[in-house]
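See structure below.
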Amino acid sequence: AKEPVRVLVTGAAGQIGYALVPMIARGVMLGPDQPVILHMLDIPPAAEALNGVKMELVDAAFPLLKGVVATTDVVEACTGVSIAVMVGGFPRKEGMERKDVMSKNVAIYKSQASALESYAAANCKVLVVANPANTNALILKEFAPSISEKNITCLTRLDHNRALGQVSERLNVPVSDVKNVIIWGNHSSTQYPDVNHATVKTPAGEKPVRELVANDEWLHGEFITTVQQRGAAIIKARKLSSALSAASSACDHIRDWVLGTPEGTWVSMGVYSDGSYNVPAGLIYSFPVTCCNGVWTIVQGLPIDHLSRKKLDLTAEELTEEKALAYSCLS
Ligand code: NAI
Numbered sequence: 002a003k004e005p006v007r008v009l010v011t012g013a014a015g016q017i018g019y020a021l022v023p024m025i026a027r028g029v030m031l032g033p034d035q036p037v038i039l040h041m042l043d044i045p046p047a048a049e050a051l052n053g054v055k056m057e058l059v060d061a062a063f064p065l066l067k068g069v070v071a072t073t074d075v076v077e078a079c080t081g082v083s084i085a086v087m088v089g090g091f092p093r094k095e096g097m098e099r100k101d102v103m104s105k106n107v108a109i110y111k112s113q114a115s116a117l118e119s120y121a122a123a124n125c126k127v128l129v130v131a132n133p134a135n136t137n138a139l140i141l142k143e144f145a146p147s148i149s150e151k152n153i154t155c156l157t158r159l160d161h162n163r164a165l166g167q168v169s170e171r172l173n174v175p176v177s178d179v180k181n182v183i184i185w186g187n188h189s190s191t192q193y194p195d196v197n198h199a200t201v202k203t204p205a206g207e208k209p210v211r212e213l214v215a216n217d218e219w220l221h222g223e224f225i226t227t228v229q230q231r232g233a234a235i236i237k238a239r240k241l242s243s244a245l246s247a248a249s250s251a252c253d254h255i256r257d258w259v260l261g262t263p264e265g266t267w268v269s270m271g272v273y274s275d276g277s278y279n280v281p282a283g284l285i286y287s288f289p290v291t292c293c294n295g296v297w298t299i300v301q302g303l304p305i306d307h308l309s310r311k312k313l314d315l316t317a318e319e320l321t322e323e324k325a326l327a328y329s330c331l332s
C-alpha cells in the first residue's frame, strides 16, 4: 500500500475549501489508490467552522483519508506537506482600494511562503487559488527562495475548463472531445482564452475548433467575454462564487501536474515565465503546458497571430503592474 501524502488546503473553512476537501479525500486529486492526510488551515475567527468541516470529513468515512489536521497554526499546517493548495486570502470588500487588498494578501503570502519553505516536504508542489492568484504566487515564490520556481503555480485551469465547456456547448459535442484551448496571462478579466490551436475529436479525425465553429465573430467576441466574465456571472446567479468548479479544476491542475497530461494534450497553468512567447520573464503567467514525471514544460513554437499577440501583451502588462503594486506594498 502507498504511504499517505499530506495535502495542505488553506482557507479550508471557506466556500472552495468546503467543495475541495471531500474531492481530495475521495481521490479525485491524486488518484483512487493514493491515501491522503488532509491539513486544513484557516484563521482564528473561522476555527469553529473549520472544526465543523473536520467533523464532516470524519463522518463521511472516506477510505483514502488517513488523517485530518485542522489548525489555525501556519507551522503545524505546513509541516510535512507535499502538496499545498492555497485558497485562503483576503477578499476584496466593497469600498476597498485595490492596493489595500493587495497589501493584505502580500502580507499573508509572504508569511505562508516562509512557513512552507521551512516546514513543507522537500519538492512540495504549490498551487495558489486565492486572488490575485498570479501575484500571490509570485510573492510566495519570492519569499520562499529555496522552493524551486518549478514548484510554484497558480490556478487558471478553471478558465481553461470554462473555455472547453463553451466550445462543447456551442458545437454540441462532449467536452471530453475538445482539447488544447489555451488561457494566456492573468487569472483576471484581461486573460486571453485562445482557441486557435484547439481541436475536436470527430468521426473523421481531429478537426480545428475554428473550422467547426466557422464563426470568427463569436470566437473573437462572445466566446472570449463569456469565459473572462464567467466568475461574475456565477456570483450573480448563485449569490456565491464558483466554488464547485474552482475546486474541481484545482484537482485537475494537481492531478495532471503529478500524474502527467495525456499524450497530445496540453493544459493551462500559471507558471513562472522564462520569457517564452516574449512574455516578460519573472511573472507568473498562464501558458499552455504539458506535464510528465511531476514536471511542467511550456509548449513551445505555437504560431501567435497579430490579434493574439496584442492580447498576450495586454495581460502581461497588467501582471507587470500588479507586480509593481505588490512590491510597493512590501516597502
Ligand atoms: P471564502 O471567503 O469563502 O474562503 C476564504 C477562506 O480563507 C475563509 O475561510 C477565510 O477565513 C480564509 N482565510 C483568510 N485569510 C487566511 C489566512 N491568512 N490563512 C488561512 N486562511 C485564511 O472564499 P472562496 O469563495 O473559498 O474563494 C477563495 C479564494 O479563491 C478567493 O480569493 C477567490 O477570489 C479565489 N478564487 C480563485 C479562482 C481561480 O480560478 N483562481 C476561482 C474562484 C475563486
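So that you can map any letter, position 43 of the sequence shown is 44 in the UniProt record's numbering, and since no number is skipped, the others follow by simple counting.
From the three backbone atoms N, C-alpha and C, an ideal C-beta is built for every residue, glycine too.
Rounded distance between the beta-carbons of residue j and residue i, thought under 8 Å
{"i": "R7", "j": "S83", "result": "6 Å"}
{"i": "N181", "j": "A199", "result": "5 Å"}
{"i": "A164", "j": "V228", "result": "5 Å"}
{"i": "L284", "j": "L139", "result": "7 Å"}
{"i": "Q16", "j": "L159", "result": "Incorrect: roughly 14 Å between the Cβ atoms, too far for contact."}
{"i": "T157", "j": "S269", "result": "5 Å"}
Best match in the options for proximity to residue i [C-alpha to C-alpha]
{"i": "F91", "options": "K240, F144, R163 and N137", "result": "N137"}
{"i": "I184", "options": "C155, V296, L31 and L128", "result": "C155"}
{"i": "L21", "options": "D160, G295 and V130", "result": "V130"}
{"i": "M87", "options": "D43, A238 and G186", "result": "D43"}
{"i": "L326", "options": "A108, I305 and L245", "result": "A108"}
{"i": "T316", "options": "V54, G265, D195 and F63", "result": "D195"}
{"i": "S309", "options": "I299, V296, Y278 and V290", "result": "Y278"}
{"i": "M41", "options": "K324, A61, R171 and G89", "result": "G89"}
{"i": "L313", "options": "P289, M24 and S246", "result": "P289"}
Cβ shell of residue i (< 6 Å), same chain only, five flanking positions each side left out
{"i": "I38", "result": "P5, R7, K67 and G68"}
{"i": "A48", "result": "T73"}
{"i": "P45", "result": "T73"}
Check: residue i C-beta below 7 Å from any heavy atom of ligand 1
{"i": "D74", "result": "no"}
{"i": "H188", "result": "yes"}
{"i": "P92", "result": "yes"}
{"i": "D195", "result": "no"}
{"i": "A134", "result": "yes"}
{"i": "residue 1", "result": "Outside the shown range of the chain, which is 2 to 332, sits residue 1, and nothing can be said about it."}
{"i": "V8", "result": "no"}
{"i": "G265", "result": "no"}
{"i": "Q16", "result": "yes"}
{"i": "V70", "result": "no"}
{"i": "S169", "result": "no"}
{"i": "L159", "result": "yes"}
{"i": "V54", "result": "no"}
{"i": "residue 343", "result": "No information on residue 343 is available, as it lies outside the stretch 2 to 332 that the chain covers here."}
{"i": "P47", "result": "As written in the sequence, residue 47 is Ala, which differs from the Pro given in the question. Yes, since a heavy atom of ligand 1 falls inside the 7 Å radius drawn around the Cβ of A47."}
{"i": "L284", "result": "no"}
{"i": "A244", "result": "yes"}
Neighbourhood of residue i by C-beta distance below 8 Å, restricted to the same chain and skipping five residues each side
{"i": "K3", "result": "D34, Q35 and P36"}
{"i": "G32", "result": "R256 and L260"}
Residues of its chain near residue i, where Cβ-Cβ distance is below 7 Å and the 5 sequence neighbours each way are ignored
{"i": "G166", "result": "V176"}
{"i": "A14", "result": "D43, A47, A50, L51 and V54"}
Item to check | Minimum length 3: unbroken beta strand (DSSP E) runs contained in the UniProt domain "Lactate/malate dehydrogenase N-terminal" (6-153) | outcome: 6-11, 37-42, 66-72, 84-87 and 126-129
Item to check | Length at least 4, wholly inside the segment 175-260: the alpha helix (DSSP H) runs in chain order | outcome: 210-214, 217-221, 223-229, 231-239 and 244-260
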